[in-house]
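**Student:** Here it is, the structure in full.
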C-alpha cells in the first residue's frame, strides 16, 4: 500500500500511540482482558483434582467418619477411589485412553483384584455367616478403591511436574495430620472432635488420646484409625518428604520443605509404637544406603541433634519406646501374637490353597490376629499370599530399576525414596492387620501408583544401561555392583584385546616340537 506524502510509516509490531496518562499498565491490561466472572469460568476436572481430593479426605477427615448409611465401607476417600477405578475402566475401553508402553503396575493390580474376586467366590461357596458375607463385600469395595487410586496415579499423571505436585501435596497433608497429633499430645486441642461434615457421621467413637508406659505418656493417633497406623503412615511418607527437602530450590522453598519433613518426623514417636519405630528404622537405613558418605555423616549429626532436642522437649518418651523392645518378652501384645501362630496353622490347613474367603476372616468370628500376613493366609490361602507379595515386590523392583537407571540424580533418588517404602510396608504388615486401616492402604496405593508413573514418565526399561554417578551428584552414589560390572567388563575387554593381538602376531616359522 502507498502512503500519502508526509505520512510516517509505523514501526513493525508497534501499537497505536496514546498519551502516557491514558496508558494502562501491561500487567493490569492482561488481567482485565482475561477476567471473567467466577461462575462463567470453565473448570476442567483432571486426574490430579480427584487424587488431591482423595488425599484431603484421607488425611484431614477422621478415619472413623463414614458416609451416612454406608457403614465401615463408606469412608469418603474410599468412594473417591471407587470413582477413580470406574473412570480408569472407561478410559481403558476408549481408543488411546491409556498411556502407551509397558506398565507393570497394571498387571500386578489386575492380578491382585482377580485373586480377591476369586477368593470372594470361594468364600461364598462354603456358606459363610451373614457377618462374614458382609465383611467380604466390604473388602471388595476397598479392593476396588485400592485399584482405582493405584491405576489413576500410575496412568493418569501426565507429567513429572504433576507427579511431584501430587507427592508434595501428600507430604503437606501428612504434616497436617502429624500436627493434629502433636496438638493432641500437648493437650492443646483435639481437632478431630470438632470436624463435622454434612452427610458424614462417625461409624464408631473417636479413639482419642491414650497412654502407654510406666509414666502414662500420651499416645496419639491424629486423624488415623489407630495409634499404630498414625506412626507407621508418617514413617512411610518421611522418605518422600526428605527427598523433596533435599531437592527443593534454595531459599524459602527449601526452608518450607524441611519444616514439613521435620513435622512429619516429629509425629512418629508420639504414637509410642514398636511398628512405627521399626518402619522408621527400615526406611532410613535403606534410604541412607544410596547416599554418599558425606551426606550420611551429616544426616547422622542432624539425627542425633533431633533426638536430643526431642528428648529435651518430651523427656521419657524415647525411653518408653526403648522399653517396648527391651521388655518385649513380657508384653502381652507380643506374646499373644506368637501364641496365635498354632491357631493360624490349624485353621489354614483346613483350606490351604484358596482360603476361607477374601476379607471374611474377622475378629467377630475368629480372633484378632494383628498380622496381615496371617489374615491373608487364612482368607486367601497360598494364592492370596502370593498375590499380596507380588503386589508389593513388583513395584519394589520397578523402583529399584529407576534408582539404577534413572536419567538424572533427582529421578534416581526419588526412585529409591519410593522403593524403601515397600520393604517397610511388608515388615509393618507383619506387626498389625494393615489392610484393615484405610489410611495405610490409601498411602500405599498412592506410593505404588507413583512408582508406576515414574517408571512410565522416565521411560525406564530393564535394558537401559546402569547410570553411573558423576562427581556433582550430592545425594546418590554409584551402585556398587555397577562399579564391579564396569571393572569386569574392562578386564574382559583387555583380555580379549590381548588374545586378538597374540593371535595376529606373525609366526617365526618354527613349528612346535
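Residue numbers (full-length UniProt numbering): 1 to 513.
Beta carbons: idealized from backbone N, C-alpha and C, even for Gly.
Tell me the rounded alpha-carbon separation between residue 273 and residue 119.
**Tutor:** Counting from 1 along the chain shown, the entry for residue 273 is found at position 273. Counting from 1 along the chain shown, the entry for residue 119 is found at position 119. Those two C-alpha atoms are separated by around 32 Å.
**Student:** Please look up how many angstroms separate the CB atoms of residue 242 and residue 267, rounded, as I've assumed it's under 8 Å.
**Tutor:** Here residue 242 refers to the residue found at position 242 when the chain shown is read from its first residue. Here residue 267 refers to the residue found at position 267 when the chain shown is read from its first residue. Residue 242 to residue 267, Cβ: 15 Å. No contact.
**Student:** CB-CB under 6 Å to residue 184, same chain, minus the five flanking residues each way: which ones, in chain order?
**Tutor:** Here residue 184 corresponds to residue number 184 of the chain shown, with the count starting at 1. These residues qualify, in order along the chain: 190, 209 and 220.
**Student:** When burial is assigned at 16 or more other CB atoms within 10 Å of the CB, is residue 71 buried or exposed?
**Tutor:** Walking along the chain shown from the start, residue 71 turns up at place 71. By the 10 Å Cβ count, residue 71 comes out exposed.
**Student:** Leaving out the 5 sequence neighbours to the left and right, which residues in its chain are closer than 6 Å to residue 18 when beta-carbon positions are compared?
**Tutor:** Walking along the chain shown from the start, residue 18 turns up at place 18. With a pLDDT of 49 at residue 18, under the threshold of 50, the modelled position of this residue cannot be trusted; read the value that follows with caution. Contacts found: none.
**Student:** Residue 303: buried (16+ other C-beta within 10 angstroms of its C-beta) or exposed?
**Tutor:** The count along the chain shown starts at 1 and reaches residue 303 at position 303. Exposed, because fewer than 16 other Cβ atoms sit within 10 Å of the Cβ of residue 303.
**Student:** Does the structure place the segment 412 to 423 close enough to the segment 271 to 291 that three or more beta carbon pairs sit under 8 Å?
**Tutor:** Judged by Cβ distances under 8 Å, the segment 271 to 291 makes contact with the segment 412 to 423, as three or more pairs qualify.
**Student:** Drop a sphere of 10 angstroms on the beta-carbon of residue 230, count the other beta-carbons inside from all chains shown, and report buried for 16 or more, exposed for fewer.
**Tutor:** Your numbering for residue 230 matches position 230 in the chain shown. Buried.
**Student:** Residue 222: buried (16+ other C-beta within 10 angstroms of its C-beta) or exposed?
**Tutor:** As a working mapping, residue 222 is identified with position 222 in the chain shown. Under this definition residue 222 is a buried residue.
**Student:** For residue 508, which residues in the same chain have their Cβ closer than 6 Å to its Cβ, ignoring the five residues on either side in sequence?
**Tutor:** Within the chain shown, numbered from 1, the residue matching residue 508 stands at position 508. Per-residue confidence for residue 508 stands at a pLDDT of 48, beneath the threshold of 50, marking its modelled position as unreliable; the derived number appears in the next sentence. Nothing listed; no residue qualifies.
**Student:** Quick one: what's got a C-beta closer than 8 Å to residue 144's C-beta in the same chain, skipping five residues either side?
**Tutor:** Against the chain shown, residue 144 aligns to sequence position 144. Taken in chain order, the residues that qualify are 81, 82, 85 and 113.
**Student:** Tell me whether residue 410 sits in a helix, a strand or coil according to DSSP, three-state version.
**Tutor:** By one-based count along the chain shown, residue 410 stands at place 410. In the structure shown, residue 410 sits in a helix (DSSP, three-state: H, G or I).
**Student:** Starting from the C-beta of residue 318, find all residues in its chain whose C-beta is less than 6 Å away, skip the five residues before and the five after it, and write them out in chain order.
**Tutor:** Along the chain shown, one-based indexing puts residue 318 at 318. Correct list, in chain order: 311.
**Student:** Three-state secondary structure (DSSP) at residue 67?
**Tutor:** Start at 1 with the first residue of the chain shown, and residue 67 comes out as number 67. Here residue 67 sits in strand by DSSP.
**Student:** Using 8 Å for Cβ pairs, my map puts residue 376 next to residue 321. What's the rounded Cβ distance?
**Tutor:** Along the chain shown, one-based indexing puts residue 376 at 376. Along the chain shown, one-based indexing puts residue 321 at 321. Between residue 321 and residue 376 the Cβ distance is about 28 Å, and since that is not below 8 Å, they are no contact.
**Student:** For the segment 214 to 291, which segments carrying the beta strand (DSSP E) assignment without a break, of at least 3 residues, lie completely within its bounds, in sequence order?
**Tutor:** Listed in chain order, they are 217 to 219.
**Student:** Which runs of the alpha helix (DSSP H) fall wholly inside the segment 71 to 155 and span at least 4 residues, in chain order?
**Tutor:** DSSP runs (the alpha helix (DSSP H)) wholly in the segment 71 to 155: 76 to 93 and 104 to 125.
**Student:** How many angstroms separate the CA atom of residue 121 from the CA atom of residue 357?
**Tutor:** As a first step, residue 121 is located in the chain shown; it is residue number 121 there, counting from the start. As a first step, residue 357 is located in the chain shown; it is residue number 357 there, counting from the start. Taking the straight line joining both Cα atoms gives about 7 Å.
**Student:** So, helix, strand or coil for residue 514, using DSSP?
**Tutor:** Only positions 1 to 513 of the chain appear in this structure, which leaves residue 514 out of reach.
**Student:** With distance defined between alpha-carbon atoms, name the residue in 394, 385, 420 and 256 nearest to residue 560.
**Tutor:** Outside the shown range of the chain, which is 1 to 513, sits residue 560, and nothing can be said about it.
**Student:** Using a Cβ distance threshold of 8 Å, determine whether the segment 437 to 451 contacts the segment 367 to 385, with at least three qualifying pairs required.
**Tutor:** Touching, no, given that fewer than three Cβ pairs across the two stretches are closer than 8 Å.
**Student:** In angstroms with no decimal places, state the Cα-to-Cα distance between residue 366 and residue 76.
**Tutor:** Your numbering for residue 366 matches position 366 in the chain shown. Your numbering for residue 76 matches position 76 in the chain shown. The straight-line gap from Cα to Cα measures roughly 28 Å.
**Student:** Kindly identify the DSSP beta-bridge partner or partners of residue 201.
**Tutor:** As a position in the chain shown, residue 201 is number 201, starting the count at 1. Beta-bridge pairing links residue 201 to 66.
**Student:** When the Cα atoms are used, what is the spatial distance from residue 253 to residue 111?
**Tutor:** Sequence index remark: in the chain shown, residue 253 carries index 253 (1-based). Sequence index remark: in the chain shown, residue 111 carries index 111 (1-based). Between residue 253 and residue 111, the C-alpha separation is close to 41 Å.
**Student:** Quick check on residue 93: buried or exposed, where buried means 16 or more other Cβ atoms within 10 Å of its Cβ?
**Tutor:** Here residue 93 refers to the residue found at position 93 when the chain shown is read from its first residue. The residue is exposed, with fewer than 16 neighbouring Cβ atoms inside 10 Å.
**Student:** Span of the alpha helix (DSSP H) holding residue 294?
**Tutor:** To locate residue 294, count along the chain shown from 1; it is residue 294. From DSSP, the alpha helix (DSSP H) with residue 294 extends over 293 to 313.
**Student:** Since I believe residue 326 is in contact with residue 334 (beta carbons under 8 Å), could you give me their beta-carbon distance rounded to a whole number of angstroms?
**Tutor:** On the chain shown, position 334 is the one that residue 334 refers to. On the chain shown, position 326 is the one that residue 326 refers to. Contact flag wrong, Cβ pair sits at about 12 Å.
**Student:** How many angstroms separate the CA atom of residue 332 from the CA atom of residue 192?
**Tutor:** For the purposes of this step, residue 332 is identified with residue 332 of the chain shown, where counting begins at 1. For the purposes of this step, residue 192 is identified with residue 192 of the chain shown, where counting begins at 1. Those two C-alpha atoms are separated by around 30 Å.
**Student:** Looking at C-beta atoms only, is the number of pairs between the segment 154 to 168 and the segment 45 to 54 that lie closer than 8 Å three or more?
**Tutor:** Short answer: they touch.
**Student:** Quick one: what's got a C-beta closer than 6 Å to residue 547's C-beta in the same chain, skipping five residues either side?
**Tutor:** No answer is possible for residue 547: it lies beyond the span of the chain, which begins at 1 and ends at 513.
**Student:** When you compare only the Cα positions, how much space is there between residue 240 and residue 128?
**Tutor:** Here residue 240 is taken as the residue at index 240 of the chain shown, counted from 1. Here residue 128 is taken as the residue at index 128 of the chain shown, counted from 1. So the two alpha carbons sit approximately 42 Å from each other.
**Student:** Taking the alpha carbon of residue 204 as the point to measure from, which residue in 397, 427, 67 and 475 has its own alpha carbon closest?
**Tutor:** Here the question's residue 204 lines up with position 204 in the chain shown. The residue with the shortest Cα to Cα distance from residue 204 is 67.
**Student:** In terms of residues, what are the limits of the beta strand (DSSP E) holding residue 211?
**Tutor:** The residue you call residue 211 lines up with position 211 of the chain shown. Residues 210 to 212.
**Student:** Just mark residue 269 as buried or exposed, buried being the case when its beta carbon has 16 or more other beta carbons within 10 Å.
**Tutor:** By one-based count along the chain shown, residue 269 stands at place 269. Residue 269 should be labelled buried.
**Student:** On the CB-based measure, 16 or more other CB atoms within 10 Å of its CB, does residue 313 come out buried or exposed?
**Tutor:** As a working mapping, residue 313 is identified with position 313 in the chain shown. Result: exposed.
**Student:** Kindly list the residues whose CB is nearer than 8 Å to the CB of residue 360, restricted to its own chain and excluding five residues on each side of it in sequence; keep chain order.
**Tutor:** The sequence position of residue 360 within the chain shown is 360, counting from 1. Once the five neighbours on either side are set aside, the close Cβ partners of residue 360 are 123, 128, 132, 133, 135, 136, 139 and 379.
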